[in-house]
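Structure first, then comments.
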Amino acid sequence: MVIRYAKIILVVMLAAFAALAAFNNLTDYTSNFNFVQHVLSMDTTFPGNAAMWRAINVPWLWHAAYWLIIAGEALTAVLLAGGALMLWRTGHRSGQQFNRAKGCSVAGLTAGLLVWFFGFMVIGGEWFLMWQSQEWNGQNAAFKFYAAILGVLVFLNQPDADCD
C-alpha cells in the first residue's frame, strides 16, 4: 500500500502545482504575460538572427498564447486531481483495478508535458529561440517542471500487483 499511496500523493502534488501555476497566472496576469510577449516577439534574442521572421508582434496573439498556457495548466490540474481521486478510490482494490484507474492521471501528466515540455522547450525554446535571451529564458524552470512530471509518469506506470 505504501507504493500506491506514494503514487497518489505524487499525483496530488503535481495537481496542486499545476493549479497554483494557473491561479498565479490569473491573479498576477501581467508578470507572466510580459514573459510570453517577450518570448513571442523575440525582442531579446541575439541581434540580427536569421529566424526573426518567426517573431509574433500582434498583441492579441500574445494574449491568445498566454490563455492557451493558462488553459493547459488548468486542464493539467483538473485531470490530475480527478486522476488522484480515481486512484484513491481504487487504492484498496485489486492491482488490476488500480492499474485501470491510472488513465486520468496519465492524461493529466501528458497535458503537463504538453505545456512545459512542448510549449516551453519546443515552441518557446527552439521555435522562438528563448534560449538566446538572458532575461526571458524560462527553459531551466520548465525543465524542472517537466522532469518532475516525467518522473511521476514513469513511477505511476509501474504495474501494481494485488496488495497483501
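The sequence shown lines up with residues -21 to -1, 1 to 143 when you count with mature numbering (1 follows the signal peptide of the UniProt record, and there is no 0).
Beta carbons are placed, not taken as given, at the ideal position from N, Cα and C, and that holds for glycine.
With 16 other Cβ atoms within 10 Å as the buried cut-off, status of residue i
| i | result |
| --- | --- |
| H71 | exposed |
| G91 | buried |
| Q137 | exposed |
| S73 | exposed |
| V15 | buried |
| F134 | exposed |
| F25 | exposed |
Which listed residue (the options) has its alpha carbon closest to that of residue i
| i | options | result |
| --- | --- | --- |
| M21 | W41, N4, S10, T6 | W41 |
| I(-13) | I102, L93, L108, S84 | S84 |
| L19 | V(-11), G98, A121, K123 | G98 |
| L64 | N36, D141, M(-9), L129 | M(-9) |
| Y125 | A(-3), D139, L93 | L93 |
| F77 | A140, V(-11), A(-7) | A140 |
| A(-7) | T55, A43, A80, S73 | T55 |
| E105 | M31, N36, G61 | M31 |
| A(-3) | R(-18), N36, I48 | I48 |
Residue i versus residue j - alpha carbon distance
| i | j | result |
| --- | --- | --- |
| V57 | G27 | 42 Å |
| A34 | E114 | 17 Å |
| L5 | F(-5) | 14 Å |
| F122 | A(-1) | 15 Å |
| A(-16) | F96 | 24 Å |
| A50 | N116 | 21 Å |
| G82 | V(-20) | 20 Å |
| V101 | T9 | 23 Å |
| V131 | T23 | 34 Å |
| N13 | W39 | 13 Å |
| Q111 | L88 | 28 Å |
| A80 | A53 | 21 Å |
| N3 | Y45 | 13 Å |
| N119 | L129 | 15 Å |
Contiguous beta strand (DSSP E) assignments of at least 3 residues, all confined to the stretch 9 to 40: none
Segments assigned alpha helix (DSSP H), at least 4 residues, entirely inside the stretch 50 to 91: 74 to 79
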